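Protein chains in written order, with this note's numbering: chain A, 1 to 114; chain B, 115 to 230.
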């Protein structure tokens with residue numbers, strides 16, 4: 001089955017800096033890669049996703065890149081703000097399977113200091 | 115819409131006690147699921163349901179039961195609580211179980227359970 005590894009486990013940056021979180025996956029057939037943000041005391045929330053037919057996707061200050069050959073994908077946050085502080089999870093699955101096959105990474109705690 | 119609601123927010127049990135974690139959604143979603151979140155282990159699927167009357171096991175189902183008598187509700191039952199079940203539990207729902215444009219999972223705020 002799929003296995004997703006996520007690094008780093010914690011990341012501290014200064015406000016305005018960029019932050020990068022990396023994930024690797026094991027199942028070469030996986031083709032859907034969402035990212036979730038979990039704020040303190042809340043459930044995870046989908047912030048961006050990418051499918052394997054594209055190499056990069058952007059949404060304002062957030063971007064995700066995918067390298068299918070190396071089987072890794074990354075979340076990039078530019079111009080970080082204190083409200084970006086949260087735990088971020090990556091995940092992977094095959095698009096022709098359901099959410100029950102979604103495998104999550106172990107999470108990255110991002111701290112943005114003013 | 116209230117979205118996905120979970121009760122209680124916090125619970126402390128003694129080993130061997132039973133309890134039910136409640137989950138409800140008001141979005142008429144077919145698919146509902148339960149996850150547990152443990153430090154350093156991400157989210158792991160316990161049970162899921164693709165519609166009223168239909169449930170199935172996820173990755174870590176042992177010690178938990180579920181039922182889905184209505185579209186809105188998906189309770190999780192701990193039959194005989196064990197310290198290993200100390201965790202944060204999240205309920206999630208989506209329009210259908212298949213991902214795709216416009217179909218995402220919405221998570222509830224979680225229940226923090228401690229078993230002594």
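Think of the CB as a built atom: it goes at the ideal place given N, C-alpha and C, for glycine as much as any other residue.
The model shown is predicted, which means the values in this text are computed figures rather than measured ones.
For residue i: DSSP bridge partner residues
| i | result |
| --- | --- |
| residue 63 of chain A | A:58, A:76 |
| residue 37 of chain A | A:45, A:88 |
| residue 120 of chain B | B:137 |
| residue 25 of chain A | A:4 |
| residue 19 of chain A | A:77 |
| residue 169 of chain B | B:163 |
Residue i, buried or exposed, once every other Cβ within 10 Å from all chains shown has been counted against 16
| i | result |
| --- | --- |
| residue 225 of chain B | buried |
| residue 146 of chain B | buried |
| residue 44 of chain A | buried |
| residue 157 of chain B | buried |
| residue 74 of chain A | buried |
| residue 29 of chain A | exposed |
| residue 211 of chain B | buried |
| residue 70 of chain A | exposed |
| residue 116 of chain B | exposed |
| residue 123 of chain B | exposed |
| residue 201 of chain B | buried |
| residue 37 of chain A | buried |
| residue 113 of chain A | exposed |
| residue 54 of chain A | exposed |
| residue 40 of chain A | exposed |
| residue 106 of chain A | buried |
| residue 222 of chain B | buried |
Chain A within 8 Å of residue i, Cβ atoms only
| i | result |
| --- | --- |
| residue 245 of chain B | With chain B covering 115 to 230 only, the question about residue 245 of chain B has no answer from this structure. |
| residue 177 of chain B | no |
| residue 135 of chain B | no |
| residue 159 of chain B | yes |
| residue 223 of chain B | yes |
| residue 198 of chain B | no |
| residue 141 of chain B | no |
| residue 162 of chain B | yes |
Chain B within 8 Å of residue i, Cβ atoms only
| i | result |
| --- | --- |
| residue 45 of chain A | yes |
| residue 42 of chain A | yes |
| residue 104 of chain A | yes |
| residue 60 of chain A | no |
| residue 89 of chain A | yes |
Helix, strand or coil at residue i according to DSSP, with G and I counted as helix
| i | result |
| --- | --- |
| residue 6 of chain A | strand |
| residue 99 of chain A | helix |
| residue 163 of chain B | strand |
| residue 183 of chain B | coil |
| residue 198 of chain B | helix |
Is there contact between the stretch 84-97 of chain A and the stretch 186-205 of chain B, where contact requires at least three CB pairs shorter than 8 Å? no
Contact the stretch 31-39 of chain A vs the stretch 129-136 of chain B: 3+ CB pairs below 8 Å: no
Below 8 Å, how does it come out for the stretch 165-176 of chain B and the stretch 72-84 of chain A: are there three or more Cβ pairs, yes or no? With the cut-off at 8 Å, the stretch 165-176 of chain B and the stretch 72-84 of chain A do not touch.
For the 8 Å Cβ check, are there 3 or more pairs between the stretch 11-24 of chain A and the stretch 175-183 of chain B? no
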